[in-house]
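Visitor:
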Amino acid sequence: MARPLGSSQPRFAPGCRWGKQGDDQVVLFPEGMIRLQGTGQSVLELCDGERTVEEIVGVLAGRFNSADPAKIREDVTAFLEALQQKRIVDY
Amino acid sequence: MIPNPLALIAEITHRCPLHCVYCSNPLQMAGAKEELATGGWLRVFQEAARLGILHLHLTGGEPLARLDLKELVAGAHACGLYSNLITSGIGLSETRLKEIVEVGLDHIQLSFQDAREGPANWIAGAKAHAHKVALAATIRRFPIAFTVNLVVHRQNLDCLEEMITFIEQLQPERVEIAHAQYYGWALKNRDSLMPTREQLDNCLRIVEAAQQRLSGTMRIDCVVPDYYARYPKACMGGWGRRLMLIDPAGRVLPCHAAGVIPGMQFDNVLEHPLEWIWTDSSAFQRFRGEDWMPDPCRSCDRRSEDFGGCRCQAFLLTGDASATDPTCSLAPMHNVVENARLQAAGQGSASEVVWLYRPNPE
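From first to last, the protein sequence lines stand for chains A and B. In this text, residue positions in the first sequence follow the working numbering: the first is 263, and each later residue adds one. In this text, residue positions in the second sequence follow the working numbering: the first is 7, and each later residue adds one.
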């Protein structure tokens with residue numbers, strides 16, 4: 263499976279969702295959970311199956327207005343590809 | 007400080023329409039009359055969530071044999087647990103599946119015994135395969151995670167490529183290729199289940215190629231079986247470190263097989279809070295941490311990775327639950343595992359196999 267495109271619309275894979283561990287927000291999936299921090303959590307919160315990768319990059323670039331959008335795009339696509347290989351995200 | 011458990015394995019019944027020759031249930035199973043009632047389980051799920059548990063594994067036996075399964079899934083969902091249904095699929099219609107998905111089931115793990123109907127039913131001791139194939143297509147229409155579990159062993163490993171192709175067509179997100187582990191019924195059938203070294207080497211090669219080919223489509227998990235590994239498995243992630251198991255009668259165990267260890271007392275959720283059982287009961291403290299370890303474990307660099315391996319296996323193979331797991335190449339009694347491998351290598355063909363099938367408890 264290839265990396266997401268700018269037009270891909272990432273979302274949770276079936277049966278993967280947010281959960282709580284104490285006060286921390288975690289991602290729950292069949293084999294376990296991951297605790298995301300900072301940007302990773304922000305990216306996944308924006309993955310609603312409607313926003314495109316390009317739109318997610320745009321939102322994040324707006325939030326961190328000093329950051330380079332090309333760098334953000336690279337980080338976001340690498341992050342989503344890694345979660346897709348774990349079958350936590352689909353796009 | 008003792009960390010919170012992360013997962014609860016709820017063996018809600020030992021009743022099962024299948025008779026798999028490698029079943030992980032104990033030889034002494036709980037009968038239907040002993041089973042915890044609906045309200046008992048619901049209270050336990052609430053206690054589990056408060057204790058920090060995130061995952062609930064509803065298993066058995068066959069969990070579908072419990073007519074209150076929908077209430078149990080709903081109760082688990084209501085207290086925030088991620089619910090996994092570990093099933094043979096026997097007893098699951100589309101209507102029943104729809105009901106349990108609607109009340110919050112997150113994930114279903116469906117077992118297969120083989121890709122070929124005859125051998126699959128031979129291992130299960132029941133005509134189950136055709137129903138499972140039809141059910142897989144139904145499951146895929148629901149918005150839940152879908153995993154296929156395939157137990158592999160001497161009698162089916164030569165068809166592994168065919169089995170992976172078969173499972174691919176069922177379109178799960180994940181497949182667990184699980185080597186039979188020798189406890190309970192599987193230990194009774196070990197000589198006919200244990201693969202040869204050659205089968206294992208082929209298996210690892212086939213799995214690696216399939217993982218590459220299917221990357222991003224179907225995640226394949228497979229680990230080297232401990233009888234052929236250099237070091238033991240980190241059984242249950244360490245005794246009393248991550249997991250609790252409750253049997254159908256409400257007894258709480260650190261793992262599936264701990265009932266075989268002599269002198270253990272397993273406290274019951276009907277008599278004690280789950281939190282007390284986790285932190286203070288004698289069963290959970292018995293092999294927690296490193297104080298119990300003999301040499302070579304206590305001075306071994308790997309003791310914080312594999313926690314000395316499996317206590318039940320140590321007892322079953324050496325007669326001493328405190329011994330180093332004999333699957334470890336450093337264990338004083340590693341020769342018992344070497345002998346088992348040699349014995350397996352000398353076994354005859356499938357036509358000579360006489361299985362001891364797992365019975366259905368009363």
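Each residue gets a CB set at the ideal place from its N, CA and C atoms; glycine is no exception.
1. Whole angstroms are fine: how far does the CA of B/Q115 sit from the CA of B/D378?
2. Please list the segments of the alpha helix (DSSP H) lying wholly inside the stretch 325-359 of chain B, counting only runs of 4 or more residues, in order along the chain.
3. Could you please tell me which residues of the stretch 287-309 of chain A, in chain order, have their CB closer than 8 Å to any CB of chain B?
4. Candidates B/A130, B/I150, B/P268 and B/A121: which alpha carbon is nearest B/V139's?
5. Straight-line CA distance for B/V360 to B/C29?
6. Using 10 angstroms around the beta-carbon of A/F326, count the other beta-carbons present and answer buried if the total reaches 16, otherwise exposed.
7. Distance check for B/F152 and B/P178, CA to CA, integer angstroms please.
8. Considering only C-alpha positions, which residue in the set B/E68, B/L111, B/R102 and B/R72 is nearest to B/A82?
9. Just curious, the beta strand (DSSP E) that B/E17 is in, first and last residue?
10. So which residues on chain A does B/Y233 lean against when the C-beta distance must stay under 9 Å?
11. In chain order, what residues of the same chain lie with their CB nearer than 8 Å to the CB of A/D310, ignoring the 5 residues before and after it?
12. Taking the runs of the alpha helix (DSSP H) that are 4 residues or longer, which of them lie wholly in the stretch 148-193 of chain B?
13. I need the straight-line Cα distance from B/G124 to B/W298, nearest angstrom please.
14. If we cut at 8 Å on Cβ distances, does A/R273 have a partner in chain B?
15. B/S94 versus chain A: which residues are under 7 Å apart at the beta carbon?
16. At what residues does the beta strand (DSSP E) containing A/Q287 begin and finish?
17. Are there 16 or more other CB atoms within 10 angstroms of the CB of B/P9, so buried, or fewer, so exposed?
18. Could you please give me the residues that DSSP links to B/L116 through a beta bridge?
19. Can you pull the chain B neighbours of A/R325, defined as C-beta to C-beta under 7 Å?
20. Based on the DSSP secondary-structure assignment, which residues constitute the bridge partners of A/F274?
21. Taking DSSP as the reference, what is the three-state secondary structure of B/T223?
22. Looking at the unbroken alpha helix (DSSP H) that takes in B/T101, where does it start and where does it end?
23. Give every residue of the same chain whose Cβ lies closer than 7 Å to the Cβ of B/G244, excluding the five residues on either side of it in the sequence, and list them in chain order.
Guide: Checking against the coordinates, here is how it stands:
1. As displayed, chain B neither begins before 7 nor continues past 368, which places residue 378 of chain B out of reach and without an answer.
2. If we require 4 residues or more, the alpha helix (DSSP H) runs fully inside the stretch 325-359 of chain B come out as 341-351.
3. So the list reads V288, L290, F291, P292, E293, G294 and M295, given in the order they occur along the chain.
4. Mapped onto the second sequence, residue 139 of chain B falls at position 133. Here the closest residue by C-alpha is B/A121.
5. For the purposes of this step, residue 360 of chain B is taken as the residue at position 354 of the second sequence. For the purposes of this step, residue 29 of chain B is taken as the residue at position 23 of the second sequence. Taking the Cα positions, B/V360 is about 16 Å away from B/C29.
6. Within the first sequence, residue 326 of chain A is the residue found at index 64, counting from 1. Per the 10 Å Cβ criterion, exposed.
7. Start at 1 with the first residue of the second sequence, and residue 178 of chain B comes out as number 172. Start at 1 with the first residue of the second sequence, and residue 152 of chain B comes out as number 146. Those two C-alpha atoms are separated by around 5 Å.
8. Along the second sequence, read from residue 1 onward, the residue named residue 82 of chain B stands at position 76. When only C-alpha atoms are compared, the closest one is B/L111.
9. Position 11 of the second sequence, counted from the start, is the residue given in the question as residue 17 of chain B. Looking at the DSSP string, the run of the beta strand (DSSP E) that includes B/E17 is A13 to E17.
10. Counting from 1 along the second sequence, the entry for residue 233 of chain B is found at position 227. Within chain A, no residue comes near B/Y233; the closest Cβ sits about 24 Å away, beyond 9 Å.
11. Here the question's residue 310 of chain A lines up with position 48 in the first sequence. Here the set comprises R273.
12. For the alpha helix (DSSP H) assignment, the uninterrupted runs of no fewer than 4 residues enclosed by the stretch 148-193 of chain B are, from N- to C-terminal side, 166-176.
13. On the second sequence, position 118 is the one that residue 124 of chain B refers to. On the second sequence, position 292 is the one that residue 298 of chain B refers to. Their backbone Cα atoms lie some 47 Å apart in a straight line.
14. Here residue 273 of chain A corresponds to residue number 11 of the first sequence, with the count starting at 1. For A/R273, no CB of chain B lies under 8 Å from its own CB, so it is not counted at the interface with that chain.
15. What you label residue 94 of chain B is simply residue 88 of the second sequence in a count that begins at 1. Around B/S94, no beta-carbon contact reaches into chain A at under 7 Å, the shortest distance being about 18 Å.
16. Locating residue 287 of chain A in the first sequence gives position 25, counting from the first residue. Element bounds for A/Q287: D286 to F291.
17. Stepping through the second sequence from its first residue, residue 9 of chain B is reached at position 3. It counts as exposed.
18. As a working mapping, residue 116 of chain B is identified with position 110 in the second sequence. Answer by DSSP bridge pairing, in chain order: B/T93 and B/V154.
19. Here residue 325 of chain A refers to the residue found at position 63 when the first sequence is read from its first residue. The premise fails here: A/R325 is roughly 29 Å from chain B at the closest Cβ pair, so nothing lies under 7 Å.
20. Position 12 of the first sequence, counting from 1, holds the residue named residue 274 of chain A. Note: A/F274 sits in a beta bridge opposite A/V351.
21. Your numbering for residue 223 of chain B matches position 217 in the second sequence. Shown here, B/T223 sits in coil according to DSSP, grouped into three states, outside any helix or strand.
22. One-based indexing of the second sequence puts residue 101 of chain B at position 95. E100 to E108 is the extent of the alpha helix (DSSP H) around B/T101.
23. For the purposes of this step, residue 244 of chain B is taken as the residue at position 238 of the second sequence. Same-chain partners within the cutoff: F313.
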